[in-house]
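Report on the following structure.
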Amino acid sequence: MKDWHKKYDIREGTYSSDFRMCNPFDGSRGDTYTDVEQSWTNLMPHESLFEIYDTLSHEAEHVALKRENMTDEIEHMILRRLHQVLYGIIDL
Ligand SMILES: [Zn+2]
Numbered sequence: 387m388k389d390w391h392k393k394y395d396i397r398e399g400t401y402s403s404d405f406r407m408c409n410p411f412d413g414s415r416g417d418t419y420t421d422v423e424q425s426w427t428n429l430m431p432h433e434s435l436f437e438i439y440d441t442l443s444h445e446a447e448h449v450a451l452k453r454e455n456m457t458d459e460i461e462h463m464i465l466r467r468l469h470q471v472l473y474g475i476i477d478l
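The sequence shown begins at 387 in the working numbering and counts up by one.
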């Protein structure tokens with residue numbers, strides 16, 4: 387069994403997320419600000435509370451990865467891989 391605690395450290399931050407009822411200029415479900423540890427979730431494009439929770443988690447994961455200075459495409463590739471592992475689709 388791998389000892390993950392020896393390889394990775396837990397970092398603390400001041401992350402926060404806001405809700406918007408609708409954003410007429412952007413139809414996305416949510417986004418992450420590039421200069422601060424903050425995101426927003428646009429409520430209108432969601433159909434359930436589960437979808438809102440999923441967007442909140444997704445944006446929080448983006449904030450965590452932003453610290454590593456990588457592109458949005460690489461972040462999404464890592465997030466897809468992370469979720470495949472978490473849901474048991476692939477093994478590490
Ligand atoms: Zn994303």
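For every residue, glycine included, the Cβ atom is placed at its ideal position computed from N, Cα and C. Computed from a prediction, not measured in an experiment: that's the story for all the values here.
To which residues does DSSP link residue i through a beta bridge?
i, result
"Asp-395", "For Asp-395, which the question treats as bridged, DSSP gives no partner whatsoever."
Can you determine whether any heavy atom of ligand 1 sits closer than 7 angstroms to the C-beta of residue i, and answer yes or no?
i, result
"His-448", "yes"
"His-469", "no"
"His-432", "no"
Any C-beta of chain D sitting closer than 8 angstroms to the C-beta of residue i?
i, result
"Arg-453", "Annotation note: the requested chain D is absent from the structure, which comprises a single protein chain."
If distances are taken between C-alpha atoms only, which option among the options comes closest to residue i?
i, options, result
"Pro-431", "Arg-467, Ile-396, Arg-406", "Arg-406"
"Glu-437", "Arg-415, Glu-454, Asp-458, Thr-457", "Arg-415"
"Gly-521", "Glu-459, Thr-400, Val-422, Leu-429", "Limits of the chain in this structure are 387 at one end and 478 at the other, which puts residue 521 out of reach."
"Asn-409", "Thr-427, Ile-460, Gly-399", "Thr-427"
"Asp-421", "Asp-477, Thr-400, Glu-433, Phe-411", "Thr-400"
"Arg-467", "Ser-402, Leu-478, Leu-442", "Leu-478"
Tell me whether residue i counts as near ligand 2, meaning its Cβ is closer than 7 angstroms to at least one heavy atom of that ligand.
i, result
"His-444", "Because ligand 2 does not appear in the structure shown, any question about it cannot be addressed here, the ligands present being ligand 1."
Going along the chain, which residues of its own chain have a beta-carbon closer than 7 angstroms to the beta-carbon of residue i, five neighbours each way excluded?
i, result
"Asp-440", "none"
"Ile-464", "Leu-451"
Quick one: residues in its chain with C-beta nearer than 8 angstroms to the C-beta of residue i, no 5 flanking neighbours on either side, listed in chain order?
i, result
"Thr-418", "Gln-424, Ser-425, Glu-445, His-448, Val-449, Lys-452"
"Arg-397", "Arg-453"
- [ ] With a floor of 3 residues, list each beta strand (DSSP E) that falls wholly inside the region 390–472, ordered by position along the chain.
- [x] The region 390–472 contains, as complete beta strand (DSSP E) runs of 3+ residues, the segments 402–406, 416–418, 424–428 (chain order).
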